[in-house]
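Residue numbers (my numbering): 43 to 333.
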Amino acid sequence: MTKRVIPDSELIINEDGSIFHLHLRPEQLCDNIIVCGDPGRVDMIASYFDTRTFEVSSREFHTIGGAYKGKPVMALSHGIGADNIDIVMNELDALANIDFATREVNDNLRQLTIIRIGTSGALQPELKIGTPVIAVKAIGFDGALNFYANRNSVCDIDMESDFCDNIDWNPMFACPYIVDADAELVSRIGKDDMTKGITITANGFYGPQGRYVRLPLTEPTLNSRLEQYRYKGCAITNYEMESAMLQGLAKLMGHKAMTVCCIIANRMNNDATPNYKTAVEDLVKTVLERL
Ligand code: URA
Numbered sequence: 043m044t045k046r047v048i049p050d051s052e053l054i055i056n057e058d059g060s061i062f063h064l065h066l067r068p069e070q071l072c073d074n075i076i077v078c079g080d081p082g083r084v085d086m087i088a089s090y091f092d093t094r095t096f097e098v099s100s101r102e103f104h105t106i107g108g109a110y111k112g113k114p115v116m117a118l119s120h121g122i123g124a125d126n127i128d129i130v131m132n133e134l135d136a137l138a139n140i141d142f143a144t145r146e147v148n149d150n151l152r153q154l155t156i157i158r159i160g161t162s163g164a165l166q167p168e169l170k171i172g173t174p175v176i177a178v179k180a181i182g183f184d185g186a187l188n189f190y191a192n193r194n195s196v197c198d199i200d201m202e203s204d205f206c207d208n209i210d211w212n213p214m215f216a217c218p219y220i221v222d223a224d225a226e227l228v229s230r231i232g233k234d235d236m237t238k239g240i241t242i243t244a245n246g247f248y249g250p251q252g253r254y255v256r257l258p259l260t261e262p263t264l265n266s267r268l269e270q271y272r273y274k275g276c277a278i279t280n281y282e283m284e285s286a287m288l289q290g291l292a293k294l295m296g297h298k299a300m301t302v303c304c305i306i307a308n309r310m311n312n313d314a315t316p317n318y319k320t321a322v323e324d325l326v327k328t329v330l331e332r333l
């Protein structure tokens, strides 16, 4: 069977041989990758590396490669939102699994380990600011994974229908998709010092997370319905904006991924702090140790 040659327009390679948005070349890719939203946080993560081999910056995508305790690792920022995760995951996978010279998929596929360290808003009153929460399951409100064939093979279909029925899901919103984190990563990274929960990946920070600043909401009671919802005894713990798409694309592509977020606001108690940098830095140190 002849192999498909991926057209120039489907996979854009820059003149220097780097991938379109990330500006990374295949030989720079590391198997272990810590991702975060903020390009500035990449410097903080890399400050714990023993060595640095390269640094590349393009738009919100900032990457530093190096080693932590002898293990090659890179820190990469993805900006905000599931649409950016679509770019980052497709480009990381292309760097890992496509021959840039022939534009064909490699015969032997490489598996990446991707851990997102983010910030998040809690949906349960007892979750204190500073708590690290792992998205054991992530519910995507953004709908982006639904554009990929075989999304059902990586989603918890039973939970999707239970969730829509019990939450009384508004059909004007995108169809939610629910994806588990990689189980081995969750047990390796998530010890007793991290809460394990169900995370919502929202498609916005304000209205889509029920924040009423000046514009009224279509579903003003959605957050309290989410707080009350239980699936097999488990509660929805928090809101963020990337993990469902990260976990969904990782599973479809054969990579390992999980997200752990530091709680910086509690939506049930109307509590928030802009001073979360120390808690995130502690989380980075813990994750690097357990990588
Ligand atoms: N990130 C989010 O997406 N929501 C919050 O409330 C805090 C951080």
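Ideal Cβ positions, reconstructed from N, Cα and C, are used throughout, including at glycine.
All of these numbers come straight from a predicted model, not from anything done at the bench.
Rounded distance between the beta-carbons of M310 and P167, thought under 8 Å:
About 4 Å separates the Cβ atoms of P167 and M310, confirming a contact at the 8 Å cut-off.
Segments assigned alpha helix (DSSP H), at least 4 residues, entirely inside the stretch 241-294:
264-270
C-alpha gap between D222 and P114, whole angstroms:
26 Å
Would you kindly report the start and end of the unbroken alpha helix (DSSP H) that includes T320?
Annotation: the continuous alpha helix (DSSP H) that includes T320 extends over K319 to R332.
According to DSSP, residues forming a beta bridge with G123:
Paired residues: none, contrary to the question.
Specify whether the stretch 128-138 and the stretch 200-210 touch according to this definition: at least 3 beta carbon pairs, one from each stretch, less than 8 Å apart.
no
The ligand URA and Q270: does any heavy atom of the ligand fall closer than 7 Å to the residue's C-beta?
For the ligand URA, not one heavy atom lies less than 7 Å from the Cβ of Q270.
Report whether the distance from the Cβ of I306 to the nearest heavy atom of the ligand URA is below 7 Å.
yes
For the ligand URA, any of its heavy atoms closer than 7 Å to the Cβ of Y281?
yes
Judging by CA-CA distance, which residue of C72, L187 and V178 is the nearest neighbour of D125?
L187
Roughly how many angstroms lie between the CA atoms of N317 and A164, to the nearest whole one?
16 Å
Run of the alpha helix (DSSP H) containing C206, from where it starts to where it stops:
Boundaries of the alpha helix (DSSP H) harbouring C206: I199 to I209, taken from the DSSP string.
F247: CB within 7 Å of a non-hydrogen atom of the ligand URA:
yes
Quick one: is the Cβ of Q251 within less than 7 Å of any heavy atom of the ligand URA?
yes
At least three beta-carbon pairs within less than 8 Å, the stretch 321-330 to the stretch 151-162:
yes
If you drop the 5 nearest sequence neighbours on each side, which residues of the same chain put their C-beta closer than 6 Å to that of L268?
L165 and I278
Within its chain, find whatever has a CB closer than 6 Å to the CB of L227; leave out the 5 residues flanking it on each side and keep chain order.
K298 and M300
Give the single residue among T243, V130 and D141 whose Cα lies nearest to the Cα of E282.
Checking every option, the nearest Cα to that of E282 belongs to T243.
Decide if T315 is buried, meaning its Cβ has at least 16 other Cβ atoms within 10 Å, or exposed.
By the beta-carbon neighbour count (other beta carbons within 10 angstroms, threshold 16), T315 is exposed.
Please report how far the alpha carbon of D313 lies from the alpha carbon of T144, in whole angstroms.
Using only the alpha carbons, I get a separation of about 53 Å.
Helix, strand or coil for I231 per DSSP?
helix
Confirm the yes/no value for this check: CB of G163, any heavy atom of the ligand URA, distance under 7 Å.
yes
Rounded C-alpha distance that separates D22 from R332
The requested residue 22 does not occur in the structure, where the chain is confined to residues 43 to 333.
What I want to know is whether the C-beta of A244 ends up closer than 7 Å to one or more non-hydrogen atoms of the ligand URA.
yes
Is it buried or exposed, A292, if we count other Cβ atoms within 10 angstroms and call 16 or more buried?
Looking at its Cβ environment, which holds 16 or more other Cβ atoms inside 10 Å, A292 is buried.
Just verifying my parser: in three-state terms, what is the DSSP assignment at L137?
helix
Only counting the same chain, and skipping five residues up and downstream in sequence, which positions put a Cβ closer than 8 Å to that of Y271?
F205, N208, I209, A277 and I278
When you compare each of D184, S100 and K233 to P218 by their alpha carbons, which one comes out closest?
Per the Cα distances, D184.
Buried versus exposed, by CB contacts within 10 Å (16 or more), N265
With at least 16 other beta carbons inside 10 angstroms of its own, N265 counts as buried.
The stretch 54-67 in contact with the stretch 99-107 per 3-pair CB rule at 8 Å:
yes
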